[in-house]
Structure formats: structure tokens, C-alpha cells
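Please read the structure below before turning to the comments.
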Amino acid sequence: MPTYEADAIVLHRLDYGEADRILTLLTREHGKLAAIAKGARKGKARTGALDLFTRSHMMLAKGHNLDVVAEVQRRGDVRHISGDLQRTASACLVAEVVDKVLEDRHPVSDLFDLVVVTLDRLNGLSRSPRAETAWFLMRILDLLGYQPQLLDCPSCSRPLPEAAGWFSPLLGGVLCATCGAHDQAGSPVSVNSLKVLRLMAAGDGEVYDRLRLSEALLHEVEAALEGQLEYHLDRRLKSLDFLRSTR
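So for the sequence shown, the working numbering puts the first residue at 2; every next one is plus one.
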């Protein structure tokens, strides 16, 4: 069978038969694809390389229905993700979002790089998983073309003052006080939350990493970004329910 190499991340896995696993992989070179790892549940030597969210260098063989994992070499580990419920929930959200938005065999290098960085940071201990997840949500919304409107009211188009407002997923951004008074489906945004959202939208990761986000501020930022994502995906994300249950 013809073979090919891939820089791959395990997004999902499903036990198959007595010893095999079917994997959903995100690869840099070939996009999202499904492959079968034969004997994966018996072979201790490569089990870690096929763990959820693990990045590995793989050799895959073209198959009739599914490609086959022929060789695998792990690149790093995810011990801090797998050992922490909230970090696991955050990684599950990353995997589910990527699975929903990316078509099979459609490589998007920027998306792959975002997932690599997000999982690496979730596996680190320097930042709370909630802050890392919020940053991922803003970046994925930007890649999808759904970044929220934060400078002008999406309803009346007037410039937003540096003041508290109302976030509307339906209209795609922060409403001014006048327009927000008529919106029933959104969530409140304090002036500090608006500042943080604007900083995130600008992609200023260095400043964002230095911020110490309060529980109340994080809650508002999460509500805005999660609402925006679910609205545009037009579906409820199971992993998001899981993540919310860990807070």
C-alpha cells in the first residue's frame, strides 16, 4: 500500500473490534482525516503516541476505507491535560470545534498551528485553562470570519464608547446602551470586559498573558465568545457543556 507522512494530532478515538482504534486526526499536510490504528489497545509501546490530544509524527498507509497507522513517533506528552479535568474539558472543546468546522482532507496550516499552540499552553501550568480557552475561542472566531464587532454597534453602527454594553451573538458584537436595551438574548459586558475583548481581537497575546483576569471578568468574556461561536456554528457543543460543568 502507498504510504505518506503526517504531523498529526489525535482529536478523537473510538475503540473498534477487540484491539483496534479508529482515530480522527488533524494533520498539517492533509487536514482532518480518519485512520485505523491496528492493535493500538494491546501495543504498550505506542499507546501514549495515540492518546487524545497527543501530537505525533506518523507514517500512514492508504487503505480501501480507512488509512492505516503504520508507524508513529510521539512528539511531547499531554500529562497535565489528561491529569486535570478542566484542562481536559478545554482540550475536548478545541477538538470538537476543529472537527465541526474543518472539512476532511482540507489542510489549513493556521488552524493546525493554533491547535498546537493551544494544546501546548493547556499542557503548561503558567496560565489558567479558562484564560487559554478564551484566547483560543477569539482566534478560531477570527479564522472563521466571525470575530465579534467591538468598535461600532452592530445594530446602529455608531462608535461604541468605552463603557459597559450588551453582547449580542445574533448581531455579532457589543451593542450600545440604547440598542442593548431591546436585546433579550445576549449577555452583559462591563467596560473592563470590553477592553479585554478588544485586546484579544487585536491579537496582543503578550499583553493578554500579563493580565490577571477576575472570575467575574472571565465569566463575561466566556459568555460572549461561547455565545458567538455556538450561534455561528448553529449547534450546541457537548464539550462546552462539559467545560461549563468544571467551572
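Yeah, the Cβ is synthetic: ideal placement off N, Cα and C, and Gly gets one too.
Three-state class that DSSP yields for residue i in the structure shown
| i | result |
| --- | --- |
| Tyr5 | strand |
| Tyr17 | strand |
| Phe54 | coil |
| Ser169 | strand |
| Val70 | strand |
| Gln148 | coil |
| Arg236 | coil |
| Val118 | helix |
| Ser188 | strand |
| Leu214 | coil |
| Val109 | coil |
| Val11 | strand |
| Asp153 | strand |
| Pro162 | coil |
| Ser194 | helix |
| Gly228 | helix |
| His247 | The amino acid at residue 247 is misidentified as His; the sequence shows Thr. Here Thr247 sits in coil by DSSP. |
| Gly280 | Past the edges of the chain, shown from 2 to 248, lies residue 280, and the structure says nothing about it. |
| Arg42 | coil |
| Arg128 | coil |
| Ala135 | helix |
| His263 | The displayed coordinates of the chain run from 2 to 248. Any statement about residue 263 would go beyond what the structure contains. |
Identity of the residues DSSP links to residue i by a beta bridge
| i | result |
| --- | --- |
| Ala62 | Thr4, Val69 |
| Leu34 | Leu26 |
| Arg75 | Ser57 |
Opening and closing residue of the beta strand (DSSP E) in which residue i lies
| i | result |
| --- | --- |
| Gly174 | 174-176 |
For residue i, the first and last residue of its enclosing alpha helix (DSSP H)
| i | result |
| --- | --- |
| Glu97 | 86-102 |
| Arg80 | 80-83 |
Residue-level contact to chain B via CB, residue i, 9 Å cutoff
| i | result |
| --- | --- |
| Pro3 | Of the protein chains in the structure, only one exists, and it is not chain B. |
Assumed close pair residue i, residue j - CB separation to whole angstroms, cut-off 8 Å
| i | j | result |
| --- | --- | --- |
| Leu145 | Arg88 | About 24 Å separates the two Cβ atoms, so there is no contact after all. |
| Val116 | Leu238 | Not confirmed; about 16 Å, so no contact. |
| Val73 | Phe54 | So it is not a contact: roughly 15 Å between Cβ atoms. |
| Asp121 | His58 | Going by Cβ atoms, the distance from Asp121 to His58 rounds to 16 Å, so no, they are not a contact pair. |
| Leu151 | Val118 | Between Val118 and Leu151 the Cβ distance is about 23 Å, and since that is not below 8 Å, they are no contact. |
Contact between the segment 193-212 and the segment 158-165 (3+ Cβ pairs under 8 Å): Contact between the segment 193-212 and the segment 158-165 is present, because at least three Cβ pairs lie under 8 Å.
Evaluate contact between the segment 202-221 and the segment 91-107, counting only Cβ atoms and requiring at least three cross-stretch pairs below 8 Å. Contact between the segment 202-221 and the segment 91-107 is absent, because fewer than three Cβ pairs lie under 8 Å.
Taking contact to mean at least 3 C-beta pairs separated by less than 8 Å, is the segment 102-112 in contact with the segment 154-163? Cβ pair count under 8 Å is below three, so no.
Would the segment 177-184 count as touching the segment 215-222 if we require 3 or more Cβ pairs under 8 Å? Judged by pairs of C-beta atoms under 8 Å, the segment 177-184 does not touch the segment 215-222, as fewer than three such pairs exist.
Would you call the segment 97-108 in contact with the segment 16-33, where contact means no fewer than 3 C-beta pairs closer than 8 Å? With a cut-off of 8 Å, the segment 16-33 and the segment 97-108 count as touching, because enough Cβ pairs lie within range.
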